[in-house]
Every structure is written in structure tokens, then in C-alpha cells.
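Q: In terms of my numbering, the sequence shown is residues 66 to 115.
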Amino acid sequence: MNSWTESEKATLIKALSRKNKLKTWRAVSKLFKNKTYEQCFLFYSSASSE
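Structure below.
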């Protein structure tokens, strides 16, 4: 599993915080070159459980 840089974490949090048209995890993962939609979801679920 790829590790998340601080910049990538910030990008994901900002993307999920805004009103936008990102309705699927695949759409979210397209913001990153090296992340799959599963990695995005796993990071979100681990961050939200803390």
C-alpha cells in the first residue's frame, strides 16, 4: 500500500470538504496519479475512525 504524503492528505481532505461533483471514489482517485479508489476509501475510513 502506498503511503500518503501531507500534500496528498490535504488534497483529499479539501476535495471531500468542498461542494463538488465527486460522487464516486473513482472520481476522487483521479485527483492522484498513484492512488487507486480503494486506497482513497481506506485512507478516508481510517482517518474518520480516529
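All C-beta atoms, glycine included, are put in the ideal place defined by N, C-alpha and C.
Which of the three DSSP states, helix, strand or coil, is assigned to Trp90?
A: By 1-based counting over the sequence shown, the position of residue 90 is 25. Correct three-state label for Trp90: helix.
Q: Using DSSP with H/G/I as helix, E/B as strand and the rest coil, what is Glu115?
A: The residue given as residue 115 occupies position 50 in the sequence shown. Looking at Glu115 - three-state DSSP - the assignment turns out to be coil, as it is neither helix nor strand.
Q: Does the Cβ of Ser110 have 16 or more other Cβ atoms within 10 Å, making it buried, or fewer, making it exposed?
A: Translated into the one-based positions of the sequence shown, residue 110 becomes position 45. Exposed: under 16 other Cβ atoms inside 10 Å.
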